[in-house]
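Trainee:
Residue numbers (the numbering used here): 28 to 363.
1. Would you tell me roughly how many angstroms separate the C-alpha atoms of residue 175 and residue 155, rounded to the nearest one?
2. Taking DSSP's pairing of strands, which residues face residue 177 in a bridge?
3. Compute the Euclidean distance between the alpha carbons of residue 328 and residue 110, then round it to the nearest angstrom.
4. What would DSSP say about residue 281, mapped onto helix, strand or coil?
5. Below 9 Å between beta carbons: does that hold for residue 358 and residue 232?
6. Can you tell me the Cβ-Cβ gap for residue 98 and residue 81, rounded? I've got them flagged as a contact below 8 Å.
7. Let me know the beta strand (DSSP E) ranges lying completely inside the stretch 306-339, each 3 residues or longer, listed in chain order.
8. What residue range is occupied by the uninterrupted alpha helix (DSSP H) comprising residue 49?
9. What's the C-alpha gap between residue 301 and residue 211?
10. Which residue wins for smallest C-alpha separation from residue 165, given the options 304, 158, 142 and 159?
11. Let me make sure I understand the geometry here. Which of 214, 62 and 105 has the alpha-carbon closest to that of residue 334?
12. Per DSSP, which one or two residues make a beta bridge with residue 256?
13. Do you know whose CA, among 43, 297 and 92, lies nearest residue 184's CA?
14. Can you tell me whether residue 351 is buried or exposed? The criterion is at least 16 other CB atoms within 10 Å of its CB, across all chains shown.
15. Thinking just about the alpha-carbon of each residue, which of 314, 264 and 222 is nearest to the one in residue 255?
16. Within 10 angstroms of its Cβ, does residue 310 collect 16 or more other Cβ (buried), or is it exposed?
17. Short of 8 Å in beta carbon distance, which residues of its chain neighbour residue 242, apart from the five on each side in sequence? Order them along the chain.
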């Protein structure tokens, strides 16, 4: 009998500091031991699903109550919830288009660093001359960490006979909502700053942006590259009304991939809940850092004990400016 069929599962596996449930399982039952077997390609959690014959999708998908056939199989349920939420996050995640780097921490506080280039950067140095400086220093304030999530309010009795793939649809939607809130937070930090007196410089316009205004935005970011812009729904409508945006190739790209390009080659990211009348342009490669405190948090105790009426699902993250000068904004009043 393989080890995965006899290992003891318990809720305490979710409480190991700095490790996810799957990581704890993998340490006890490494996937490398199954190379060349029928179980190759499954991770430690998926092998436990096979052990208890739990099918989470497909034609013969099981119901929620299948997880609760034993106390050990019940310990697998919070990880199912976490994975489904993560799938939703991955599906709706535009953060990779906004952040230069992701820092994962196992703490409640984090102080990042910032950089400032000297005024002579980009010029040749004469013999005996001083090299231009890039000053790297700690930020004076901590990164503001925020929790985004949802509270599941449903009885076990209401869910027990429903298919797991149906429940997963709802969990993926929760993940999508979490990442949308994180995207709004990222856009807000790009524009308003991270609390270290580094709000984006902005140009105030008398009317909706024109193509020349966007060229001005491109010029003001130099020597950084304008490769990304974020805007709300109403602001996007004004931008997409600019003649130069009405390009057949760009239109085909949007229809095929959902990605909106611009005449300058920058990606235009739609952030519906962002402030109207603001266009934030920035260099995605060096403007913003995302800080994650752990993975998705679930109330594993309540889920295992079938107390779903008040079980929470959440993720904690924050954002910080790296090069404040790599961001510039346009501001105007939306016409009603």
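Virtual Cβ for every residue (Gly too), placed ideally from N, Cα, C.
Mentor: Per the coordinate set shown:
1. 54 Å
2. 340
3. 17 Å
4. Because the pLDDT of residue 281 is 42, which lies under 50, any placement of that residue in the model is unreliable, and the question is left without a value.
5. yes
6. Actually they do not touch by this definition, with Cβ atoms about 14 Å apart.
7. 315-320
8. 48-55
9. 6 Å
10. 142
11. 105
12. 295 and 308
13. 92
14. buried
15. 314
16. buried
17. 291
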